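Visitor:
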Amino acid sequence: MRLPPGFKRLLKLAVRPRAVEQDVDDELRFHLELRAEKLQREGLSPAEARETAQREFGDVERVRAECVRLGHERAAEMKRSLFLDALAQDLRYALRTLRKAPAFALVAILTLALGIGSTTALFSVVRGVLLKPLPFPAPERVMRLWQASPALSSPRVSLSQNDLDDWKARQQSFSDIGAWWHVENMSGVDLSGLGDPEELSATYVTDGFFSTLGMAPQLGRAMLSEEHQAGHDAVVVVSHEAWTRRFGADPSLVGRTLTLDGEPHTVVGVMPPSFTFPSEKMDVWLPLSRINERSIPRTRFNRFLNAVGRLKPGVTVEAARLELGGIARQLAEAYPESNAQYGAITVLPLHEAITGDVRTALLVVLGAVGFLLLIACANVANLQLARATLRDRELAVRAALGAGPGRLVRQLLTESLVLAGLGGGLGVALAVWGTEALVGLSLKQLPRLREVQVDGEVLAFAAAATVLTGLLFGLLPALRASTTQLEAVLKAGGRGTVGGRGARLRGLLVVAEVAIAVVLATGAGLATRSLASMLSEDPGFRAEGAAVVSFSVPPPKRERLREYLAEVLEQVRALPGVESAAMVKTLPLENVGEDLGFSRPDHPEDEANPPHMSMMHVSTDYFRTLGIPLLGGRVHEPTDTQDTPLVLVVNQTFARRFFPGEDVVGKSIKLGTTELTIVGMVGDVRQAGLAEPVPPLAYLHLQQSPRGAMNLVVRGQGALLPLAASARQAIWSVDPSQTISRITTLEQVTAEAVTRPRLLAMMLGLFAVLGLALAAVGIYGVLAYTVSQRQRELGVRLALGAQPADVLRLVLKSGMALAGAGVAMGAVGALGLSRVMGSILYGVAPHDPLTFGAVTALLLAVALLACLIPARRAMRVDPAVTLRGE
Amino acid sequence: MADTSLELVQGTLDVLILKSLSWGALHGYAVAEAIGERSGQVLKVEEGALYPALHRLEKRGLLEAEWGLSENNRRAKFYKLTSAGRAHLRAEAQTWTRYAAAVSRILEAA
Chain P
209 MRLPPGFKRL
219 LKLAVRPRAV
229 EQDVDDELRF
239 HLELRAEKLQ
249 REGLSPAEAR
259 ETAQREFGDV
269 ERVRAECVRL
279 GHERAAEMKR
289 SLFLDALAQD
299 LRYALRTLRK
309 APAFALVAIL
319 TLALGIGSTT
329 ALFSVVRGVL
339 LKPLPFPAPE
349 RVMRLWQASP
359 ALSSPRVSLS
369 QNDLDDWKAR
379 QQSFSDIGAW
389 WHVENMSGVD
399 LSGLGDPEEL
409 SATYVTDGFF
419 STLGMAPQLG
429 RAMLSEEHQA
439 GHDAVVVVSH
449 EAWTRRFGAD
459 PSLVGRTLTL
469 DGEPHTVVGV
479 MPPSFTFPSE
489 KMDVWLPLSR
499 INERSIPRTR
509 FNRFLNAVGR
519 LKPGVTVEAA
529 RLELGGIARQ
539 LAEAYPESNA
549 QYGAITVLPL
559 HEAITGDVRT
569 ALLVVLGAVG
579 FLLLIACANV
589 ANLQLARATL
599 RDRELAVRAA
609 LGAGPGRLVR
619 QLLTESLVLA
629 GLGGGLGVAL
639 AVWGTEALVG
649 LSLKQLPRLR
659 EVQVDGEVLA
669 FAAAATVLTG
679 LLFGLLPALR
689 ASTTQLEAVL
699 KAGGRGTVGG
709 RGARLRGLLV
719 VAEVAIAVVL
729 ATGAGLATRS
739 LASMLSEDPG
749 FRAEGAAVVS
759 FSVPPPKRER
769 LREYLAEVLE
779 QVRALPGVES
789 AAMVKTLPLE
799 NVGEDLGFSR
809 PDHPEDEANP
819 PHMSMMHVST
829 DYFRTLGIPL
839 LGGRVHEPTD
849 TQDTPLVLVV
859 NQTFARRFFP
869 GEDVVGKSIK
879 LGTTELTIVG
889 MVGDVRQAGL
899 AEPVPPLAYL
909 HLQQSPRGAM
919 NLVVRGQGAL
929 LPLAASARQA
939 IWSVDPSQTI
949 SRITTLEQVT
959 AEAVTRPRLL
969 AMMLGLFAVL
979 GLALAAVGIY
989 GVLAYTVSQR
999 QRELGVRLAL
1009 GAQPADVLRL
1019 VLKSGMALAG
1029 AGVAMGAVGA
1039 LGLSRVMGSI
1049 LYGVAPHDPL
1059 TFGAVTALLL
1069 AVALLACLIP
1079 ARRAMRVDPA
1089 VTLRGE
Chain G
547 MADTSLELVQ
557 GTLDVLILKS
567 LSWGALHGYA
577 VAEAIGERSG
587 QVLKVEEGAL
597 YPALHRLEKR
607 GLLEAEWGLS
617 ENNRRAKFYK
627 LTSAGRAHLR
637 AEAQTWTRYA
647 AAVSRILEAA
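Chains as they are written, first to last, in the numbering used here: chain P, 209 to 1094; chain G, 547 to 656.
1. Quick one, which residues of the region 609-624 of chain G are near chain P if we go by CB-CB under 7 Å, in chain order?
2. Between the region 1037-1053 of chain P and the region 1011-1028 of chain P, are three or more C-beta pairs nearer than 8 Å?
3. In three-state DSSP terms, what is P/W493?
4. Using C-beta distances below 8 Å, list every residue in its chain close to P/G973, excluding the 5 sequence neighbours before and after it, in chain order.
5. What is the DSSP secondary structure of P/D384, counted as helix, strand or coil?
6. For P/I583, count neighbouring Cβ atoms within 10 angstroms of its own Cβ and tell me buried if that reaches 16, exposed if not.
7. Judging by CA-CA distance, which residue of P/F975, P/L306, P/I987 is the nearest neighbour of P/L728?
8. Interface residues of chain P around G/K565 at Cβ under 9 Å?
9. Residue ranges of each beta strand (DSSP E) run of no fewer than 3 residues wholly in the region 746-831 of chain P, ordered along the chain?
10. What residue range is occupied by the uninterrupted alpha helix (DSSP H) comprising P/Q860?
11. For P/E501, collect the residues of the same chain with a Cβ closer than 7 Å to its Cβ; drop the 5 residues on either side in sequence, then sort them by chain order.
12. Could you spell out the range, first to last residue, of the alpha helix (DSSP H) harbouring P/I317?
13. Quick one: which chain P residues come within Cβ less than 7 Å of G/H601?
14. DSSP puts P/R923 in a beta bridge; with which residues?
15. So what's G/Y625 in DSSP terms, helix, strand or just coil?
16. Which whole-angstrom value describes the C-beta separation of P/R656 and P/T563, a residue pair presumed to lie in contact below a C-beta threshold of 8 Å?
17. Return the Cβ separation of P/A673 and P/T327 in integer angstroms, given the expectation that the two are a contact with Cβ distance under 8 Å.
18. Under 8 Å between C-beta atoms, does P/R243 make it to chain G?
19. Skipping 5 residues on each side, what residues in its chain have a beta carbon closer than 6 Å to that of P/T833?
20. Going along chain G in order, which residues have a C-beta closer than 8 Å to the C-beta of P/R282?
21. Short of 7 Å in beta carbon distance, which residues of its chain neighbour P/G707, apart from the five on each side in sequence? Order them along the chain.
22. Taking 8 Å as the CB-CB limit, is G/M547 close to chain P?
23. Is it right to say P/P254 is buried, meaning 16 or more other beta carbons lie within 10 angstroms of its own, or is it exposed?
24. I need the straight-line Cα distance from P/F485 to P/A751, nearest angstrom please.
25. Does the distance from the CB of P/P1078 to the CB of P/V893 come in under 8 Å?
26. Rounded to the nearest angstrom, what separates P/V333 and P/K489 at their Cα positions?
27. Does the region 265-278 of chain P come within contact of the region 581-597 of chain G, defined as at least 3 CB pairs closer than 8 Å?
28. Relative to the alpha-carbon of P/L954, which residue among P/T947, P/L496, P/N919 has its alpha-carbon at the smallest distance?
29. Of the residues P/D469, P/H448, P/D398, which one's Cα is nearest the Cα of P/L461?
30. Under 8 Å between C-beta atoms, does P/E264 make it to chain G?
31. Using CA coordinates, which residue listed in P/Y1050, P/P343, P/V315, P/L603 is at the minimum distance from P/A969?
32. Our contact map puts P/L679 next to P/P965 with C-beta atoms below 8 Å; I'd like the distance itself, whole angstroms only.
33. Under 8 Å between C-beta atoms, does P/D233 make it to chain G?
34. Suppose the cutoff is 8 Å on Cβ atoms and the five residues either side in sequence are ignored; what does the same chain contact list for P/R498 look like?
35. Grab the span of the alpha helix (DSSP H) containing P/A536 for me, first residue to last.
36. When the Cα atoms are used, what is the spatial distance from P/R1084 to P/A1025?
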């Protein structure tokens, strides 16, 4: 390849500083010679004269070095100022040129702003969620630990406290292991005796929790080991957020006593603002021993703890996995009834564990937006090329006036960089706004969203994207300009381009644009189809027309929980406009119930391998209120009370899995030694999420097994939020100090269950539409330009007897050939993308023929539309006018 | 000769160079000669300090230099004042005159 002229000039510059030394030597020699000659004239011999001149001068070497240094500095300064002068000149010229073509400049700048802005916004999200390390010391050594059950094919099962203690006692790989229990919206504590009662979001932690994460409080201290012992006075660690919000950042909070759930807790520490683990919204951390005493029995069956461990330096993840796996197998042998199926463990870096399930989706969207930026580049390059062809004459004149090819390349590159800079500036504004919008849209749906912000790093990314973009779309036109035969242009009188190189380049760019648009549209199509098939799943209940009020009864008040819950229900049902009301511990789509192993009296094999189900706690009227159909037997009745035998209503999956081919109604199961009779069967409800399989569920009557944390579901006439507000009033009429944790509607709960796939489909869709529009503009631009160039040829053809239809066909053919090539290339790329997306799709094959077919048709249709306008103009070329112009 | 000549006071060299060049372009040797002559051989320029001073002034943009032919037809580097150099000379000369007057007033009063 021929070296671009600019490089040669650079090489020459690099050689020149040698001249500084030469000049200084010449200058000093001249001086010494004159001095010596003078001394000679005064009567000294030539040798004496030279010597005296040297001596009087002093240290020639030192002077020389000093002058050379000054000379070099001056040369460098001059080079810099020359460069800046030329740059300023280029910039002024570029701005003037752009001002002369405002339409072009506007389209280009907007296109680039869109590309750079959306890429930057997405990058800020990806960086915050995926790239930034967790805010702990040496975060790469913090591991998330689970039990794994190959038999149940569940790799991530929580730990029982006994297992955790055994692990901690036997392992060598971790410097510390800690665990916590926290359920979003459910594990709260009531703060009272200090203004309005408030429910605080709480996490119960074991000894080692803070030290494993490597975090120390900013005020006070973390919990001591003895404070985790049962029976110790209660202590609490407060989050920075709660400290500032609720306690006015009062430094004397440490040491004070707070009343939590009616019991005094001493504040021992306040965490720094960066520490919000395990949830973005954290108020207090309490010792796990506090909750153990009250409600969680300490058995190996009770797997509820989330564990983290800090790897010792030098220990690999694999070694830790092997060691803990060994311990898990020992435990499985020692306690077969509870641990037989948990002889394996899963170790994952905490960062991966947190971000794992959004990683693919985020990267797909980032890829999509990168493609969009590429299309934007191709389009602006196309515009530039078209303009450059029109500007051939101007460039030729400038070259004739003495501007070297390097100078012209630089001028054109400056122009594209100015465009990119303006687009990038606007893009950053767009990114700041877009990042906020993204964060707002995906609140709660993305982990670590607090880390997302437009900061120096993101701005550096935007700057890099801008420069790269400018070079990307500027280079092609600039190189083309530097190699155009200028004399030929001048001779042609500026009537147009010489040769087909520009046209070929622009054709290639359009093919690439169409190909990328196909990839984008395929991604969006797949995401939309996936969302649609998710939404078309029958959730098993009727979401519309029901309000939800969530609350949690604090333990001190749980002594008369049955009566309390019954009273609340009674009050709510008496409200005007209420059709039915019921309570459930865990709402559909939000989570499954409590995981329990059970046995069937007529199935002795259960002893060794007890089947598992999910236990739900519901009030009477639950199935009617949610619109869940009763398929056999009966539902819970008010006559089922704590004094009557325990009864269960099970779902279809339960019946099908555990009593296949039998009538499940009338059967009984055993939980430990307690026997429960199945009295009814109801339809399946998507408890774990719309895209998740339905687990076997058994519903127990609240009056027979009351629970403190509740969702009150109210179905009634009229607007839902007023209904919910009056339901809340009804709750308060029973107990004015009851805290309410949320008010929402069942439809909202359903909508939130698909927020993530909806977000993905929406973003990919948006980028695909933009990409499609840009590709259409690209095709249109190329054809419109070609037609205007070929006007004369078309006129001649028409004059020689060609029909307008022939001309139409000619133009359409050349346009659709480009589009066709692009679609074919894009389809291949889309196949690659769909494989990446496979893991986040639901109910649609990655190579879904419908999506691929639709995208192909859509792209070809858009291309056809883009071709039609220039083609019609070509048809209307008047041969007489054209020929007269000759 | 040595007992009648004075070493230049620090900072004086620059202003003398500028002054010497205010009548026209000179090469370094000629600058040294000019200062000597115009001071009646009282001030003696240390040649070793002259050239760094010239280069420093050139770097500061007070002088500019180009290569030309000397009176005896040899290649020499000629310095001349820039307009910035001329302005600088005016300001420095004023300061110097006031300074010298003040010093001599004190000395004469004694």
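Cβ atoms here follow ideal geometry from the backbone N, Cα and C, with glycine treated the same way.
Small disclaimer: the values here were computed from a predicted structure and weren't measured.
Guide: Straight from the coordinates:
1. R620, R621, A622, K623
2. no
3. strand
4. A732, A735, T736
5. strand
6. buried
7. P/F975
8. Ordered by position in chain P, no residue passes the 9 Å Cβ test against G/K565, which lies about 20 Å from the chain.
9. 754-760, 786-792, 802-805, 820-826
10. 860-866
11. Reliability of the predicted coordinates at P/E501 is poor, the pLDDT of 48 falling under 50, and the value obtained from them is presented with this limitation in mind. The answer, listed in chain order, is A438.
12. 310-334
13. C275, L278, G279
14. P/A754, P/S788
15. strand
16. 7 Å
17. 6 Å
18. yes
19. S788, A790, V921, R923
20. H601, E604, K605
21. Annotation note: pLDDT 46 at P/G707 (below 50); position unreliable, coordinate value reported separately. Answer for P/G707: no residue qualifies.
22. For G/M547, the predicted structure reports a pLDDT of 37, less than 50, and the residue's modelled location is therefore unreliable. The matter cannot be settled from this model.
23. exposed
24. 33 Å
25. no
26. 19 Å
27. yes
28. P/N919
29. P/H448
30. yes
31. P/Y1050
32. That pair is no contact at about 37 Å.
33. no
34. Y412, A442
35. 525-542
36. 22 Å
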